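J.: Questions regarding the structure given below will be posed in turn.
Protein chains: 4
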Amino acid sequence: MCSNSIGKRFVLTIFGESHGKCVGVVVDGCPPGLPLKEEDIQKELDKRKPSKQFYSTTRVEEDKVNILSGVFNGYTTGAPICMLVWNRGGESEVYEEFKWKPRPGHADYPAYVKYGGYHDYRGGGIFSSRITVGFVAAGAIAKKLLKQVGVEVLAHVVEIGGVKIEKKPTIQEIKEKVYSNPLRCVDLEAAKKMEEKILKAKEEGDSVGGVVEAIALNVPPGVGEPIFGSLDAEIAKFLFCIPAVKGVEFGVGFKAARMKGSENNDEYVVKDGRITTLTNNSGGILGGMSTGMPITVRVAFKPPSSIPKKQRTVDLKRMENTTLEVKGRYDVCFVPRAVPIVEAVVANVLIDYILPLGIVKLGRAKN
Amino acid sequence: MCSNSIGKRFVLTIFGESHGKCVGVVVDGCPPGLPLKEEDIQKELDKRKPSKQFYSTTRVEEDKVNILSGVFNGYTTGAPICMLVWNRGGESEVYEEFKWKPRPGHADYPAYVKYGGYHDYRGGGIFSSRITVGFVAAGAIAKKLLKQVGVEVLAHVVEIGGVKIEKKPTIQEIKEKVYSNPLRCVDLEAAKKMEEKILKAKEEGDSVGGVVEAIALNVPPGVGEPIFGSLDAEIAKFLFCIPAVKGVEFGVGFKAARMKGSENNDEYVVKDGRITTLTNNSGGILGGMSTGMPITVRVAFKPPSSIPKKQRTVDLKRMENTTLEVKGRYDVCFVPRAVPIVEAVVANVLIDYILPLGIVKLGRAKN
Amino acid sequence: MCSNSIGKRFVLTIFGESHGKCVGVVVDGCPPGLPLKEEDIQKELDKRKPSKQFYSTTRVEEDKVNILSGVFNGYTTGAPICMLVWNRGGESEVYEEFKWKPRPGHADYPAYVKYGGYHDYRGGGIFSSRITVGFVAAGAIAKKLLKQVGVEVLAHVVEIGGVKIEKKPTIQEIKEKVYSNPLRCVDLEAAKKMEEKILKAKEEGDSVGGVVEAIALNVPPGVGEPIFGSLDAEIAKFLFCIPAVKGVEFGVGFKAARMKGSENNDEYVVKDGRITTLTNNSGGILGGMSTGMPITVRVAFKPPSSIPKKQRTVDLKRMENTTLEVKGRYDVCFVPRAVPIVEAVVANVLIDYILPLGIVKLGRAKN
Amino acid sequence: MCSNSIGKRFVLTIFGESHGKCVGVVVDGCPPGLPLKEEDIQKELDKRKPSKQFYSTTRVEEDKVNILSGVFNGYTTGAPICMLVWNRGGESEVYEEFKWKPRPGHADYPAYVKYGGYHDYRGGGIFSSRITVGFVAAGAIAKKLLKQVGVEVLAHVVEIGGVKIEKKPTIQEIKEKVYSNPLRCVDLEAAKKMEEKILKAKEEGDSVGGVVEAIALNVPPGVGEPIFGSLDAEIAKFLFCIPAVKGVEFGVGFKAARMKGSENNDEYVVKDGRITTLTNNSGGILGGMSTGMPITVRVAFKPPSSIPKKQRTVDLKRMENTTLEVKGRYDVCFVPRAVPIVEAVVANVLIDYILPLGIVKLGRAKN
């Protein structure tokens, strides 16, 4: 089975490896007439860059995007848009050791089995988080298209290293503040504690995980498809394609399992001539379709698997026990970097459902 | 976008409505030569039947399966297998009210918007849990195919109405006991408390939710595909297609977000000449591929939305506030019935990935 | 690989066998609000019935359609539409012989190899022309949808048994006369000669083939997709899925290979304020997209393979040479019956491309 | 609908434009362990280069391929393989005129309508034959994989400008001679006449078409899928995705329509312990599956549409009649260049069907 494409109407096809020549994406289905410049993409990619603070060593990850096709005279043409980021020389040699010594928590071992030893093991190859460069590049286009119909996707950190935000920020606060602090967390007090957790883990040669929440605003009611086209199912699928994701929940999520129907049901009321719900426990999705309320989804990220701490593993060649210490740079905490990725993923799925509705209008070219 | 099909190699196409003539499924991709009888399917469908105890009124849900195609002389032929359950007369008239008064927590309102008022609103139509009859029927075939390669899928209730099981049951306990009690919960003390919660909710005209855990055994390492074919992503997607699911997590799931890398990483060791991990926090999946350890996934179900308690809603025709009380039979708790559905879903996804590996061998027909 | 579904937006999933319980189709993607009755489908299926004259024995092929889902109160709901025709008892026993003696020209031998002997060999099983019942049933819906935007699909016989029509009929003639004669040929003189060819072949225990031409009217320009979504490519694909098709050509087709560019190119002119072409050698498709001119496609059908004449074949069990005479009823010429099938196929493909354009408007249900 | 991907198991995703930065392809599904170098691809691409003789002006079309991903240490990794050819500066300015004056026989007009004037009209943009660079690059991989199981795909010119080859060449003759003459025609006498036709058309500022035949050898019986996965249907679809193709026929093709069943049926015999057919009128495919005999398919190419001869067209801006003369280089005859393209297309489809059979064995990496 092939697996590097996703979407039905706005389709991403991903290619590239962490330490190969490049990482890239082909986006098929973008309608013609959208103004698009490399800067539009770059702006989003820049949000994904690691904060030096939470990174064990400085890596130059320039990630300058090149649009190779599908754009002409500043507008999308309707043809597939290939976008590519050339890789800068990474420290590939440190990975030689992992060819035969799978890093715990990484794809190394199952990849070794699946690919018969032929996979590009350097930096995780295709299993690296670098592959999400394509998610974000495509998401930049998705967001521009969604903007045409007023839909906006936000995301922010709600938990890192066991520290949760104390109070739910307003939409306005998220919009204004999320990218102004390196934690991508709007609750600055919580952010301070999260930072401490990260720095402590860094000292210990360890890593921490956390939770990102995304919110999609102004999605009209009725977006989604029944059964196997459920909007939440597709969002969940794409989110689980982000490396390190271990859980996804909508609305109150797992908490719903502890509520009674009378508590969990979101009652309807007419407000200002429009139908709305008094609560939004469902996270804006019922029966796989949007209700018109904000779509809310939370994504759990495990702590990065590459850590300097000594760990037990096996030598695949000799089939014997051994240990390993992952040297070189590593992300102590990936969660802040995941914020623009989660945003992009939700945007990519939403535009895939919204394009066929025919409400994105881009007009004809001027003579 | 169309949405009634799922899978790449073992493909389900679903049809039917809660109060229409039937519910059914076409399964494409079952290899030729699998012995298959209607009883094989029926056995699984019977596990999905409601326990009268947890149901507000008695409904006759016979659910006798008919195999219409794809089986000849007792063996699958390789052609698509259409399986169908004729609906018995439900109490359709009680649903007339909901045509214009959407039930809180149900798909009624977004479906009304999406389908322009043409959807079959009786019993939720295509959005009803009855559609999972097809999931289970297909799953019965998937399980028989998985058995050929030693893969087994189990599921059990781990939480209902806020009551969690106290201790993790062994695989053996789940295998032996899960279908012998109506709660589908192996911890009988917890089951007793869950039962009390359900009966109390029934008294109150309310409903309760819970959590089901599935475990897939003996999946060889390396099953899955990178990026958009991630095994966990596909399992999650299909699980979110079950009505009422609000959260999905693998391994330690959301708890992973609170762990350090050194705690969360599953260290490798050679044991009896095979590679295994000391822990299984990952739930048997890394980088979208199986590790060879048991695959574990937990699914959160919200409480059923149809409850007799009076709730606020709107009159869509008059665009004014009103209330409604859902009369007639309802599931006080759907969680025990979800156990065979979750099993079937996981089985359907696994066989979709395992069939292309060419390890399911069914042989040639005898002369 | 699975193969019983086709289409992206208007998706057919086929099931059933020639001598199994039924043949049927699930249509996914029909928008809500289309008035649909079983008679609408039946009318098209009736056109597919064999003319007793061209059939060696009388078979009762009632083919009464049942709509099992997706229609409520006389309108499509937007949910998948399952349609099914129960099979009447065929003469299955005559097929026992072919289990081990593949009929020349039939799928018997490759099916035997592919399915390991488990396929339903009776009447060709899933490889029978009966499977096109589903094509036609779906096509009936496609045609109704196309009518909403003024698109019409016609087809007629242009050649049988080496007899070609003498002059090209007008659109009006095809519309009025094609289903009024059993040959489905508008040129009545040619039809008479074709009839003679068929009856002569019947006498000889032989069969004849022919060519069907389809014409799609009023397809607006720009329908289709570049490269792998080419409209002609999809039409060709679906046409080759009809049993016995050996060639497909658009516009002047193979003749184009003998023309010069200056002869073949269709020059543009403005006529009545609209752009049109002086000729239509392209058959209404350029670069995989419609030009706004009629889409014309010709389909070559080989003579039916089942013939009473003695033929050489092999005994698969003993791996030795033998002969066989196909007893029982058979189609001396399938071409007239193929006319509604070809129409349906072209209609199914066109609606698949036209639905996403958002020009099919069905309105909202009345209160 | 999206349309830049094709295949289920060996998937091509195409991008790029004739006068954009590049043309390329992402191939997903190539198994790990295939030795692959850029020269392997280049060799095939070189066969696609225009012969200066049949080209009106000299264009430097270097077409040097770059493998950007999916290959590591000289072997495929199992990850998607992105291959790209950078475009050299074409004479884009000559195309300015065609923005508003659609060239007869080209995609210009329907593309203008479909893309609202935003399409890249230079050199046909995505509708250019340059897009087949990706077909051939992918085909080079497909051929290497097919070679593992002994399958070989050949193609040769059988007709140009009305001149047909006199006698059917042997397989051996095609293998040895087809790429040694610029016509890609094995019958050298016919080739001479074809050449004259081309040179005459060149003098007249005109163009000629022709027919290419492909032959696939050693495809085992039973490859293909019933109904919508018919092998001939998929081959036909992909062939119609090559620009300028107007007809496709298998085996005797349209001639079958004039044959009787007793003439057309290929009788079976046991020969050297294997089942074979006395004739191969079916072109090696029955019921959508291979019979084990050579697969033969013929493809009709219309004459290139871009010709210097003055033609009538319209001014889209002013909606009035005008004329145009296509200046600059053009292909007088594309048919010889189509030979490696047709080969590649057939190879791409075959490997898509053969990979899931599990017979392509590439082994594990050496330690």
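Residue numbers (the numbering used here), protein chains in the order written: chain A, 1 to 367; chain B, 1001 to 1367; chain C, 2001 to 2367; chain D, 3001 to 3367. Virtual Cβ for every residue (Gly too), placed ideally from N, Cα, C. Bear in mind that the values here come from a model prediction, so they are computed numbers and not experimental data.
#1: Would you be able to state if there are at least three C-beta pairs under 8 Å between the stretch 2308-2319 of chain C and the stretch 2173-2190 of chain C?
#2: Specify, as a first and last residue, the run of the beta strand (DSSP E) that residue 343 of chain A falls within.
#3: Of the residues B/1086, B/1077, B/1139, which one's Cα is nearest the Cα of residue 1066 of chain B?
#4: Taking the DSSP output, what are the residues bridged to residue 3066 of chain D?
#5: Can you tell me where the beta strand (DSSP E) with residue 1155 of chain B in it begins and where it stops?
#6: Could you list which residues in chain B have their beta carbon closer than 8 Å to that of residue 311 of chain A, in chain order?
#7: Pull up the distance between the alpha-carbon of residue 1318 of chain B and that of residue 261 of chain A, whole angstroms please.
#8: Do residue 1025 of chain B and residue 1140 of chain B have their C-beta atoms within less than 8 Å of each other?
#9: Which residue comes first and which comes last in the beta strand (DSSP E) that contains residue 2247 of chain C?
#10: Any residues in the stretch 1189-1211 of chain B with a beta carbon nearer than 7 Å to a beta carbon of chain A? Which ones, in chain order?
#11: If you count every other CB in all the chains shown that lies within 10 Å of the CB of residue 180 of chain A, and 16 or more means buried, which is it?
#12: Is there contact between the stretch 66-83 of chain A and the stretch 290-301 of chain A, where contact requires at least three CB pairs shorter than 8 Å?
#13: Would you mind reading off the limits of the alpha helix (DSSP H) that contains residue 3139 of chain D?
#14: Could you tell me the distance, in whole angstroms, from the CA atom of residue 1185 of chain B to the CA atom of residue 214 of chain A?
#15: Can you tell me where the beta strand (DSSP E) holding residue 2079 of chain C begins and where it ends?
#16: Among D/3202, D/3051, D/3040, which one has its Cα closest to the Cα of residue 3336 of chain D?
#17: Compile a chain-ordered list of the residues in the stretch 2352-2366 of chain C whose CB is closer than 7 Å to at least one CB of chain A.
#18: Should residue 95 of chain A be flagged as near chain B, meaning a C-beta pair shorter than 8 Å?
#19: Are the C-beta of residue 68 of chain A and some C-beta of chain D separated by less than 8 Å?
#20: Could one say the Cβ of residue 99 of chain A lies closer than 8 Å to chain B's Cβ atoms, at least one of them?
#21: Work out the CA separation of residue 2173 of chain C and residue 3276 of chain D for me, nearest whole Å.
#22: Counting only C-beta atoms, is residue 3304 of chain D closer than 8 Å to chain C at any point?
#23: Would the stretch 117-131 of chain A and the stretch 12-32 of chain A be scored as touching if the rule is three or more Cβ pairs under 8 Å?
#24: At the 8 Å Cβ level, is residue 1087 of chain B part of the contact set with chain C, yes or no?
#25: Is the stretch 36-55 of chain A touching the stretch 101-114 of chain A in the sense that three or more CB pairs, one from each, lie closer than 8 Å?
#26: Taking residue 3333 of chain D and residue 3160 of chain D to be in contact with their CB atoms under 8 Å, please state how far apart those CB atoms are, rounded to whole angstroms.
#27: Is there a Cβ from chain B that is less than 8 Å from the Cβ of residue 2119 of chain C?
#28: Using beta-carbon positions only, say whether residue 1212 of chain B and residue 1133 of chain B come within less than 8 Å of one another.
#29: Cβ closer than 7 Å: which chain A residues qualify as neighbours of residue 3017 of chain D?
#30: Confirm, please, whether the CB-CB distance from residue 2127 of chain C to residue 3287 of chain D is below 8 Å.
#31: Buried or exposed: residue 1171 of chain B, going by 16 or more other Cβ atoms within 10 Å of its Cβ?
#32: Kindly indicate which residue of B/1302, B/1216, B/1290, B/1100 has the alpha-carbon position closest to the one of residue 1146 of chain B.
#33: Starting from the beta carbon of residue 2390 of chain C, find every residue of chain A whose beta carbon is closer than 8 Å, and list them in chain order.
#34: Put residue 371 of chain A into one of helix, strand or coil per three-state DSSP.
#35: Pairing CB atoms from the stretch 300-307 of chain A with CB atoms from the stretch 93-108 of chain A, are three or more of them under 8 Å?
#36: Would you grab the beta carbon distance between residue 2163 of chain C and residue 2245 of chain C for me? Rounded to a whole angstrom, and I think it's under 8 Å.
T.: In short:
#1: no
#2: It is not in any beta strand (DSSP E) - residue 343 of chain A instead sits in the alpha helix (DSSP H) that spans 335-354.
#3: B/1086
#4: D/3084
#5: Going by DSSP, residue 1155 of chain B is part of the beta strand (DSSP E) stretching over 1152-1160.
#6: 1262, 1265, 1267
#7: For residue 1318 of chain B and residue 261 of chain A, the distance between alpha carbons rounds to 26 Å.
#8: It is not a contact, given that the beta carbons lie outside the stated cut-off.
#9: 2245-2250
#10: 1201, 1206, 1207, 1208, 1209, 1210, 1211
#11: exposed
#12: No: fewer than three Cβ pairs fall under 8 Å.
#13: For residue 3139 of chain D, the enclosing alpha helix (DSSP H) begins and ends at 3132-3148.
#14: 34 Å
#15: Note, residue 2079 of chain C: premise wrong, no beta strand (DSSP E); not H, not E.
#16: D/3051
#17: The stretch 2352-2366 of chain C vs chain A, Cβ under 7 Å: 2356, 2358.
#18: no
#19: yes
#20: no
#21: Cα-Cα distance, rounded: 47 Å.
#22: yes
#23: A contact between stretches requires three or more CB pairs, one per stretch, nearer than 8 Å, and the stretch 117-131 of chain A meets this requirement with the stretch 12-32 of chain A.
#24: no
#25: no
#26: 6 Å
#27: yes
#28: no
#29: 69, 79
#30: yes
#31: Exposed, by the Cβ-count rule.
#32: B/1216
#33: Examination of residue 2390 of chain C is not possible in this model, given that chain C is present from 2001 through 2367 alone.
#34: The displayed coordinates of chain A run from 1 to 367. Any statement about residue 371 of chain A would go beyond what the structure contains.
#35: yes
#36: Not really, about 19 Å apart at Cβ, beyond 8 Å.
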